[in-house]
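As they're listed, the protein sequences go chains R and U.
Residues 1 to 286 in the numbering used here are what the first sequence spells out, letter by letter.
Residues 287 to 515 in the numbering used here are what the second sequence spells out, letter by letter.
All C-beta atoms in this analysis are idealised placements derived from N, C-alpha and C, irrespective of residue type, glycine included.
Here the structure is a predicted model, which is why all the values come from computation and not from measurement.
Worksheet for the structure shown next.
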Amino acid sequence: MSRLKELFDTGEFVVTGEVAPPRGTDLSGMHASVDLLAPYCHALNVTDNQGASLHLSSLAASRAILDRGIEPIFQQTCRDRNRLALQSDLLAAWSLGLENVLVVTGDDPRAGDHPHAKGVFDLDSTQLATIARGMNQGHDMMGRDLKGATDFYIGAAMFPEAEPWDVQLARIEQKIEAGVRFFQTQAIFDMDKLQRAVDAVRPLGAKVIAGVLVIRSPRVVKFVNEHLAGLMVPDHIAERISAADDPAEEAIALATEQVRDIRSIADGVHVMPLGLDAAVGKILTG
Amino acid sequence: MIITKPRDWARIIQNLESIGARSVFLMGCGQCATVAHTGGEKELVETAGRLTAAGYEVTGWTVGEVTCHLNGTKLDARKHRDEIDGADAVLVLACGAGVQTTADAIAKPVFPGLESLFLGTVVRNGVFEERCQTCGDCVLDMTAGICPVTTCPKGLLNGPCGGMWNGMCEVLTDRECTHVRIQRRLTEQGRGLGGTLAPKDFSTALKPGGVNIRDRVTHRRAGDREGAR
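Listed below in structure tokens is the structure:
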């Protein structure tokens, strides 16, 4: 059974981190990241060709992380595979011992390092969640029995700060209906909006892991605003980072404050260190 | 209508040179390509002038009434038999369907003079937008008359995706998110926020398409021998 689910069920405040598989076959960098994050995190989200750019598959990397002793959250995007491949990979994931799956749409290929690629999007994230739930019940999306079912703990993405909220809320309800039991949010800057989202989700029986992004320099602010989908760093935070004598220290202080706030609002926190992996311990314990 | 744009001129010349053509007959189209300002009378005259300036002899030209109509195009070809007989090649300023009927109707090398882009809506004169994929499995009943398959760059049936920001699209940042528009219109019409749409049936879009209402085949795709009769 998913340890992530067990922790949520026992009321534990869950901490997750994020690792990106390498573009290549050398896993040493990823393992170094894992070793830095593991003492502080209950599980690690393993991205799937993040930013629509080529990386080793989340499937293989998730298994490698499991072998290193930490629970992975296998991320699956709808961008690169059709419904046959997605289902096949879900079966593969379960057979490899991966118990958590985070289903997301995926960035458009035009945003990545293979801009001429065909974006597949045969399914969307809600449809994929429905299919994963069906596999938990022992059948594929065509209703045919599986020889051996899955029992995934299914997660999806949520965007508490992206307006219009009524549209976001409808999406959240749709995803929960599809079988989503936990949400990982985009980076949070406005705690009131996080509270609004948590208040909406809790009565529906799902958990919220709030995202924290470590913005270590004005250059990273620019990168986030220009290249990360569905996210804008608010001016007052951008100014705080750019005005600091040591922007990296300031970013760590900011993230630490955010984690403290989130502890009293959400069910967990997801730290995206953007390269400052070594600071994650300080951010989570500060 | 089918939206077209002029084909790269160097490629046209390369095509003509590939068969050593020195004389050309031009075929336009009185329908979409005329409305798109790519294959009407004006564009044929311009192209004839450009070919002449490049040293080619233009033996004649005609704007086919409906160039994608095979029998109509055969008739047009008969009317211009002498001019076509005198040409080494035919250049067609019409969509790909028009190029193919012309190639079926005329036993000469036929080349495309346009690039076919999409099935488009004329937003206003000279402004065209893609609104329909001709997917054969319409969802417009559930999406307030706005096609997410076409107008969402990712073609998501259920959205918005995580890239939407302040109601705007992640990919085409100057456009409103299709899914925000759909939900707003559904709400305005008192139709709720709509349910989850099931995965799409892509088998209805398999190529090549074919419909034959003469033999009481109401809708089938070419090659589908068991089509619904």
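| query | result |
| --- | --- |
| Beta strand (DSSP E) segment containing Glu18 (chain R), residue limits | 14 to 19 |
| Cβ pair count under 8 Å reaching 3, the region 442 to 449 of chain U against the region 461 to 469 of chain U | yes |
| Contacts around Asp89 (chain R), its chain only, beta-carbon distance under 8 Å, and the 5 residues preceding and following it disregarded | Leu59, Gln76, Arg81 |
| For Ser309 (chain U) and Thr345 (chain U), believed in contact at Cβ under 8 Å, the rounded distance | 5 Å |
| Met313 (chain U) classed as buried or exposed, judged by whether at least 16 other C-beta atoms fall within 10 angstroms | buried |
| Contacts of Thr482 (chain U) in chain R (Cβ-Cβ under 8 Å) | Thr126, Gln127, Thr130, Gln174, Glu177, Ala178 |
| Nearest residue (CA-CA) to Asp294 (chain U), options U:Leu400, U:Gly480, U:Ala307 | U:Leu400 |
| Helix, strand or coil at Pro398 (chain U) [DSSP, three-state] | strand |
| Interface partners of Gln186 (chain R) on chain U, CB under 7 Å | Gly448 |
| Beta-bridge pairing of Gln76 (chain R) - partner residues as DSSP gives them | R:Val103 |
| Cα-Cα separation between Ala93 (chain R) and Leu146 (chain R), rounded to whole angstroms | 15 Å |
| Contact set for Asn301 (chain U): own chain, Cβ-Cβ below 7 Å, skip 5 residues either direction | Phe397 |
| Alpha-carbon spacing of Ala514 (chain U) relative to Thr420 (chain U), whole angstroms | Caution applies to Ala514 (chain U), whose pLDDT of 40 falls short of 50 and renders its modelled position unreliable; the value that the coordinates give is listed next. Cα to Cα, the separation comes out at about 19 Å. |
| Nonlocal neighbours in the same chain, by C-beta distance under 6 Å from Leu123 (chain R), ignoring five residues either side | Cys78, Arg83 |
| Residues that Glu163 (chain R) contacts on chain U, provided the C-beta gap is smaller than 7 Å | Asn452, Gly453 |
| DSSP beta-bridge partners of Asp145 (chain R) | R:His139 |
| Neighbour flag for Leu90 (chain R) against chain U, beta carbons, 8 Å | no |
| Val34 (chain R) versus His42 (chain R) - alpha carbon distance | 12 Å |
| Unbroken stretches of the beta strand (DSSP E), 3 residues or longer, contained in the region 208 to 265 of chain R | none |
| C-alpha distance - Arg511 (chain U) paired with Gly422 (chain U), whole-angstrom precision | The predicted position of Arg511 (chain U) is uncertain, since its pLDDT is 47 and thus under 50; a value taken from the coordinates is nonetheless stated next. Roughly 18 Å separates the two Cα atoms. |
| Members of the region 247 to 273 of chain R near chain U, C-beta cut-off 9 Å | none |
| Closest residue to Gly431 (chain U) among U:Thr338, U:Lys394, U:Val409, U:Leu472 (Cα-Cα distance) | U:Leu472 |
| Within the region 451 to 513 of chain U, ranges of the beta strand (DSSP E) (whole runs, at least 3 residues) | 495 to 498, 503 to 507 |
| Chain R within 8 Å of Glu512 (chain U), Cβ atoms only | Bear in mind that the predicted position of Glu512 (chain U) carries a pLDDT of just 45, short of 50, making it too unreliable to give a figure here. |
| DSSP three-state assignment for Arg23 (chain R), whether helix, strand or coil | coil |
| Alpha-carbon spacing of Ala111 (chain R) relative to Lys394 (chain U), whole angstroms | 45 Å |
| Lys486 (chain U) versus Val180 (chain R): straight-line alpha-carbon distance, rounded | 21 Å |
| CB contact below 8 Å: Arg515 (chain U) versus chain R | Unreliable positioning characterises Arg515 (chain U) in this predicted model, as indicated by a pLDDT of 35, which lies under 50. The coordinate reading is nonetheless provided below. It does not: the Cβ of Arg515 (chain U) has no partner Cβ on chain R nearer than 8 Å. |
| Secondary structure of Cys315 (chain U), DSSP reduced to three states | strand |
| Spatially closest choice to Glu71 (chain R) from R:Ile252, R:Val15, R:Gly148, R:Ile209, by CA coordinates | R:Val15 |
| Burial state of Glu474 (chain U) (16 or more Cβ within 10 Å) | exposed |
| Host alpha helix (DSSP H) of Thr434 (chain U) (start-end) | The question names Thr, but residue 434 (chain U) is Pro in the sequence shown. Run containing Pro434 (chain U): 434 to 437, per the alpha helix (DSSP H) assignment. |
| Where Arg515 (chain U) falls: helix, strand or coil (DSSP) | In this prediction, Arg515 (chain U) has a pLDDT of 35, which is less than 50 and means its spatial position is unreliable; nothing more can be read from the coordinates. |
| Where Phe488 (chain U) falls, given that 16 or more other Cβ within 10 Å makes a residue buried | exposed |
| Partners in chain R for Leu442 (chain U), counting only beta-carbon separations shorter than 7 Å | Thr105, Phe121, Asp124 |
| Option in R:Gln174, R:Glu173, R:Ala129, R:Gly148 with minimal Cα separation from Gly155 (chain R) | R:Ala129 |
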